Amino acid sequence: MSRVNGKFVRRAACFLAAAALCIPLTVNGKAADSDTLYFGALEEKVAQNVNTTTVTKGEFFVTGAVQGSLDFSSNQYVTCDVTEGVVHFQEMLVSQGDTVKKGDPIASIYVTVDEIEKEEVQRNLDAARKNLDEYKADTRLLLNQYKKSLNQGSERDRRLAQISYDRLYESYKNELSKREEKIDGYVIRLAEIESIENTKTVNAPTDGVIGFTNRMRKGEVLGRWSFLCTISDPTNVRVVVEGGSDLLRYNMPVKIVQSTGNRNVELTGRVVTMKSTASSVNLMARNDIIEIYGDVSNLMPGSDVSVKFDKIYVEDALIVPKTALKSDKKGQYLNVYINGFSSKRYVVVGGADSMNYWIVFGVEEGDTIILE
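Each step along the sequence shown adds one to the number in the working numbering, with nothing skipped, and position 26 is 300.
Here's what the structure looks like:
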């Protein structure tokens, strides 16, 4: 290359360099400022005692919760089973959540009966017994007379006496049986009346856990089959979220929490209802159903439960404290500390919990960032 040509090339290069310094840098067709540059223009010297931390990697999750109710597959209603007399309520002997066995007292009552009927049955019984005694005495006397005639008179008289005796004796046995049966009926009825009078409690018809209990006043008259409470089978229960929730998905693991007073029960479960748009509308349940794992006997019927689940879960997420994240008109950023300088890094945030942010893009594990 000639010297002239060399000089020309050097001059052209100098001209282009000068022109480049005069042309502003652009980003997406717009003039760039110092904030959009990645290198030295974004860095500034910071004090040595700056408060920093490190970008870490770990589990990141955000929980959600919905309210649900317990649905027991087997519920039995406890009612007033006294069908006679006037039943007066005294007090409930159980509370919601109590475990009972068949025959255990549920409520205390007292019963008043019809005294007129009781007296009438007693009079009928006394009269029937008296009539029976008199019938026995009269019939036996006649039988004895026929018996004596069996050995007296002609053969024809003895044969007639035998026929009369047999007929009377057979009639006597039948009548005796009828009268004794009638007396037994009066005795049984009196025993029933006494039993009703002596009924002091309504008892559990089955084993289970007490659910909803009816509120009644002391002395209130109970009608036939008046409802007292429910007894639920504690071994077969599920959770129902009325109306469903958009946050719940098929097979999603959840926690079921029930807090009642000082009692706190926590179990695991999973969602068993499908909400895929590929399914027919007729096959989709309006409510969400949750299957429960573990010992459900401590769950209290009639009390709601909280269904807790992870709305966001990332196994290896980049995590930074909330105090480290800043924002301006261009977005959210972190100040990365490098060799005494602060470098502004715009980041993509995936989610937040009460303490930290999950960073999807913009920094790496181990990066030192400035907190305040």
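Ideal placement from N, C-alpha and C gives every residue a C-beta, glycine not left out.
Computed from a prediction, not measured in an experiment: that's the story for all the values here.
Legend entry - Contiguous beta strand (DSSP E) assignments of at least 3 residues, all confined to the segment 370-458: Whole beta strand (DSSP E) segments, 3+ residues: 379-386.
Inset, instruction - Determine, using beta carbons only, whether residue 336 and residue 593 come nearer to each other than 9 Å. - result: No, the pair does not count as a contact, with Cβ atoms beyond the cut-off.
Inset, instruction - Pick helix, strand or coil for residue 626, following the three-state DSSP scheme. - result: Look at residue 626 here: in three-state DSSP terms it is strand.
Legend entry - Test item: CB-CB of residue 366 and residue 503 under 9 Å: Yes.
Legend entry - Per-residue burial, residue 640 [other beta carbons within 10 Å of its own, 16 or more giving buried]: Around the CB of residue 640, fewer than 16 other CB atoms lie within 10 Å, so the residue is classed as exposed.
Legend entry - Best match in 508, 583, 532 for proximity to residue 545 [C-alpha to C-alpha]: The option with the nearest alpha carbon to residue 545 is 583.
Legend entry - Residue closest to residue 359, alpha-carbon to alpha-carbon, out of 527, 470, 482, 447: Distances from the CA of residue 359 to each of 527, 470, 482, 447 were compared; the closest alpha carbon is that of 470.
Inset, instruction - Could you please give the first and the last residue of the uninterrupted beta strand (DSSP E) stretch that includes residue 547? - result: Careful: residue 547 lies outside any beta strand (DSSP E) and carries neither H nor E.
Legend entry - Residues near residue 597 by beta carbon distance below 7 Å, same chain, minus five either side: The answer, listed in chain order, is 645, 646.
Legend entry - Contact check, residue 380 vs residue 374, beta carbons under 9 Å: Going by C-beta atoms, residue 380 is nearer than 9 Å to residue 374.
Inset, instruction - Would you list the one or two residues that DSSP bridges to residue 643? - result: According to DSSP, residue 643 bridges with 327, 610.
Inset, instruction - Reducing DSSP to helix, strand and coil, say where residue 313 ends up. - result: Any reading at residue 313 must be qualified, since the residue scores a pLDDT of 40, below 50, and its modelled position is unreliable; the value itself is stated next. Residue state, collapsed to three classes: coil.
Legend entry - Collapsed DSSP secondary structure at residue 596 in the structure displayed: Note: residue 596 maps to helix in three-state DSSP.
Legend entry - From 488, 562, 477, residue whose alpha carbon lies closest to that of residue 513: Of 488, 562, 477, the residue nearest in Cα terms is 562.
Legend entry - Beta-carbon proximity list for residue 446, same chain, < 6 Å, skipping 5 on both sides: Taking residue 446 as the centre and dropping the five residues before and after it, the same chain places the C-beta of 413 closer than 6 Å to its C-beta, in chain order.
Inset, instruction - State buried or exposed for residue 619, treating a residue as buried only when at least 16 other CB atoms are found within 10 Å of its CB. - result: Looking at its Cβ environment, which holds 16 or more other Cβ atoms inside 10 Å, residue 619 is buried.
Legend entry - residue 576 vs residue 485 beta-carbon contact at 9 Å: Yes, the pair counts as a contact, with Cβ atoms nearer than the cut-off.
Inset, instruction - Have a look at 517, 519, 399, 478 and flag the residue whose alpha-carbon is nearest the alpha-carbon of residue 501. - result: Of the listed residues, the one whose Cα sits closest to residue 501 is 478.
Legend entry - Environment of residue 508 [buried if 16+ CB atoms lie within 10 Å]: Its Cβ being crowded by 16 or more others within 10 Å, residue 508 is buried.
Inset, instruction - Please check the pair residue 480 and residue 350, which I expect to be a contact at CB under 8 Å, by giving their CB distance rounded to whole angstroms. - result: Yes, they are in contact, since the Cβ atoms of residue 480 and residue 350 sit about 5 Å apart, within 8 Å.
Legend entry - Span separating the alpha-carbon of residue 607 from that of residue 547: Straight through space, the alpha carbons of residue 547 and residue 607 are spaced by roughly 41 Å.
Legend entry - CB-CB length for residue 409 against residue 453, believed under 8 Å: With a Cβ gap of about 7 Å, residue 409 and residue 453 count as contacting.
Legend entry - Opening and closing residue of the beta strand (DSSP E) in which residue 473 lies: Run containing residue 473: none; DSSP gives neither H nor E here.
Legend entry - Whole-angstrom C-beta distance between residue 643 and residue 326, which should lie under 8 Å: Right, the Cβ-Cβ distance comes to about 6 Å (below 8 Å), so this counts as a contact.
Inset, instruction - Classify residue 522 as helix, strand or coil using the three-state DSSP reduction. - result: Residue state, collapsed to three classes: coil.
Legend entry - Exposure label - residue 635; buried when at least 16 CB within 10 Å: Residue burial is scored here from C-beta neighbours: residue 635 has fewer than 16 other C-beta atoms within 10 angstroms and is therefore classed as exposed.
Legend entry - Straight-line gap, residue 572 to residue 391 (C-alpha atoms, nearest Å): CA-CA distance, residue 572 to residue 391, rounds to 48 Å.
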